[in-house]
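J.: Sharing a structure with you now.
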Amino acid sequence: MPNGLPDPDHARDPAGPPERSDPADPAPIVLRSLHWTAPLRWLLLGWRDFVRAPSIGLFFGGCFVIMGWALLWVYQHAPAYTLALSGGFLLVGPFLCLGLYRVSQRLEQGLRPEFGDALRAWDTRSGQLAIFGLVLLVLELLWGRATLVVFAVSFDRLPQFRPSLWSLLEPDMLPFLATWAAVGAVFAGLIYSLSVISIPMILHRRTDAITAALTSARLVLSQTGVMLFWGALITLLVVLALLPGLLGLLVVGPVLGHASWHAYRAAVAD
């Protein structure tokens, strides 16, 4: 396929033609109307991209697995900090997916993705990505502090955690888990709203971090049902991927990364 031509699947997308991959001038940001089944299409497109570049996808999937194993190790030595750091997946995940966004971008252009190019994807927009990362880092630190406060208020002494995570489901732990989940839902919802399409947008449109975050939030607020469905699918797939020793993240992680690129491309018009 000639260099620069759009992917045929995107050309047939009823939502409209894709924008240029590297627009020279900023264009007004227009959000497309999304059908509630759109997230299922994004997953199919994400799987297609993973199959077309499996070695790159498995590398990034391996990174997700290592992150999960690191959290399990921390749980065995400092359970309170595990609960505080668990939200870090929402912080690190989108940045780790940068390489996957680049792969999907190259495939969309009809180009062959390269491993080195995927690893260097952050370098093209390092300044704006750093600003956006700082915003997410502040939210993550606040989330971690709130978790530690909930932990301190819920227990007058350090509880005896067993190595198995199933010990958290014991009856005396349920009030703590309910409070922790409620606090986490607030921060997770905020981070999700600001980041669901922000990083692929920064990479693709070369917009600034604040505009990308506000556009992402506007998408979630204007099409809440579809984006809640997308968030629920992400959560469900990640939870299922955790069951076989976290090894499911080898595939689920990159597929969701690729799918997030297609979510951005479907939601934001030229």
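The opening position of the sequence shown corresponds to residue 0 in numbering that gives the first Met the number 0, with each subsequent residue numbered one higher.
Every residue gets a Cβ at the ideal spot worked out from N, C-alpha and C, and that includes glycine.
Since we're looking at a predicted model, the values are computed, not measured.
Would Ala-282 and Leu-33 qualify as a contact pair, given that the criterion is a beta-carbon distance under 8 Å?
T.: Here the chain covers residues 0 to 269 and nothing more, so residue 282 does not appear.
J.: Are Ser-194 and Leu-30 touching if we call contact CB-CB under 8 Å?
T.: Counting from one through the sequence shown, the residue named residue 194 turns up at place 195. Counting from one through the sequence shown, the residue named residue 30 turns up at place 31. Cβ distance not < 8 Å, so Ser-194 and Leu-30 don't count as in contact.
J.: Beta-carbon within less than 8 Å of Leu-248's beta-carbon, same chain only, minus the 5 sequence neighbours each way: which residues are those?
T.: Numbered from 1 along the sequence shown, position 249 holds the residue referred to as residue 248. So the qualifying residues of the chain are Gly-60, Phe-63, Val-64, Gly-67, Val-237, Ala-240, Leu-241.
J.: Using the rule of at least 16 other Cβ atoms within 10 Å of the residue's Cβ for burial, across every protein chain shown, is Arg-119 buried or exposed?
T.: Taking the first residue of the sequence shown as position 1, residue 119 is located at position 120. Classification of Arg-119: exposed, given that the 10 Å Cβ count is below 16.
J.: Pick helix, strand or coil for Leu-33, following the three-state DSSP scheme.
T.: Position 34 of the sequence shown, counted from the start, is the residue given in the question as residue 33. Coil at Leu-33, not helix or strand.
J.: Just to confirm my understanding: we take Ile-209, look at its own chain, exclude 5 residues before and 5 after, and list those with CB closer than 8 Å. What are they?
T.: As a first step, residue 209 is located in the sequence shown; it is residue number 210 there, counting from the start. Counting only Cβ-Cβ distances below 8 Å, and skipping sequence neighbours, we find Ile-130.
J.: Compare the C-alpha of Ser-54 against each of Trp-35, Gly-143, Pro-112 and name the closest.
T.: On the sequence shown, residue 54 is found 55 positions in, with the first residue counted as 1. Out of Trp-35, Gly-143, Pro-112, Pro-112 has the C-alpha closest to the C-alpha of Ser-54.
J.: Thinking just about the alpha-carbon of each residue, which of Gln-127, Gly-115, Val-50 is nearest to the one in Arg-204?
T.: Mapped onto the sequence shown, residue 204 falls at position 205. Looking at the Cα atoms, Gln-127 is the closest of the given residues.
J.: Take Ala-145 as the anchor and find which of Gly-132, Phe-175, Ser-125, Asp-116 has the nearest alpha-carbon.
T.: Start at 1 with the first residue of the sequence shown, and residue 145 comes out as number 146. For Ala-145, the nearest C-alpha among the options comes from Phe-175.
J.: Could you tell me which residues DSSP puts in a beta bridge with Ala-268?
T.: Counting from 1 along the sequence shown, the entry for residue 268 is found at position 269. According to DSSP, which records beta bridges pairwise, Ala-268 is partnered with Val-29.
J.: How is Cys-62 classed by DSSP in three states: helix, strand or coil?
T.: Numbered from its first residue, the sequence shown carries residue 62 at position 63. Cys-62: helix per DSSP, three-state reduction.
J.: For Glu-113, name the three-state secondary structure that DSSP assigns.
T.: Counted from its first residue, the sequence shown places residue 113 at position 114. Coil, per DSSP.
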